[in-house]
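Protein chains in written order, with full-length UniProt numbering: chain S, 1 to 99; chain H, 1 to 99. For each residue, glycine too, the CB sits at the ideal point set by N, CA and C. Since this is a predicted model, take the numbers as computed values, not measurements. Worksheet: the structure to be examined is printed underneath.
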DNA sequence: TCTGCTTATAGCATCAGTGCTATGGCCTGG
DNA sequence: CCAGGCCATAGCACTGATGCTATAAGCAGA
C-alpha cells in the first residue's frame, strides 16, 4: 500500500542512525501501533475519515499515523483507543515474562 | 513530597477542562507512569541522576516526568524502560478484558 | 557549620507531533 | 467521461515535550 511512500525511507533512515537504538524501538513501536490501528479500523469497516471524526482528529493525521509517519502521542493513542472502543495500556513489564 | 508543587495544580486544572475527557486520560496515564517509574527506580536504589544517565536524559527531565509534569513521549518511555530493564508495552486491549 | 548528594523547578532553545487545508492518484458507480 | 469517496502527502502554524543549565531546599555526615 505504501510503495512510493516517503516515510518508509524516513523511518529506515531513522532506525539506521548510530546510537539511536532506543529511538529505533520507539519508531518500531509507532509502526506496529499504526498497523494495529489500521487493522482494527478496517475490521470495523471504517474509513480513515470516520475514525478521524470519532477520534477528534483529521483524516490526514490518521493516515500519517497508520503509515507510521510519526511516533504518536499518548493523547492521540488514547483518543484512538476510545474511538475504537479499546483500552490503551502502557506499562513497563519485566523483560522475561513478556506480555 | 510534592506539597507546594505547581504541577499538581496544573494537572488538576488540565483534567478539569471541559471536553478534554480524553486528554484527562492521557494526563492520568502520565501521572501513573511517573509513579511507576519512581517506584521502580527507588526499588533499584537509584537516584534520579543515575536513572537519568542510564536513560540518556537529565535529572531534571526525570524529575519532571516522575512528577507527572508532562505527558511523556514513547521515545522517552522506551529509554526509561530500557534503563530499568523492563519492556515497554503499549497496546489496545479490548475494554472488557482489561489487562 | 560547611560539604555534598538528592529532588523540585525555572528559563530557554529546539524539535517533533498534530491540526488544518488542499492536492493528486485510484477506483467505482452513474 | 464525470462525480464522489478513500487514502497518501505536502506545507504551514502552533503547542508541547525534551534537553541543558542553574538554583533552591532538605538532609545527612564530617
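A distance below 8 Å separates the beta carbons of residue 34 of chain S and residue 66 of chain S. For the C-beta of residue 30 of chain H, the chain S residues within less than 8 Å are, from N- to C-terminus, 74. For residue 84 of chain H, there is no enclosing alpha helix (DSSP H), as DSSP gives it neither H nor E. Exposure of residue 43 of chain S is indicated by the presence of fewer than 16 other C-beta atoms within 10 angstroms of its C-beta. DSSP links residue 90 of chain H through a beta bridge to S:90. For a cut-off of 8 Å, the C-beta gap from residue 64 of chain H to residue 70 of chain H is around 6 Å, short enough to register as a contact. Within the segment 27 to 59 of chain S, the complete alpha helix (DSSP H) segments at least 4 residues long are 48 to 54, listed from N- to C-terminus. Residues of chain S with a Cβ closer than 7 Å to the Cβ of residue 40 of chain H are, in chain order, 92. If you draw a straight line from the Cα of residue 95 of chain H to the Cα of residue 85 of chain S, it comes to about 7 Å. Neighbours of residue 81 of chain S in chain H, taken as residues at a C-beta separation under 8 Å, are given in chain order as 92. Exclusion of the five residues before and after residue 88 of chain S leaves 77, 78 and 81 as the residues of its chain whose Cβ lies within less than 7 Å of its Cβ.
For the pair residue 61 of chain S and residue 52 of chain S, the CB atoms are nearer than the 8 Å cut-off.
For the pair residue 68 of chain S and residue 58 of chain S, the Cα-to-Cα distance works out to about 16 Å.
Residue 24 of chain S and residue 49 of chain H have their C-alpha atoms roughly 24 Å apart. At least one CB of chain H lies nearer than 8 Å to the CB of residue 78 of chain S. From the beta-carbon of residue 51 of chain H, no residue of chain S is found nearer than 9 Å; the closest lies around 13 Å away.
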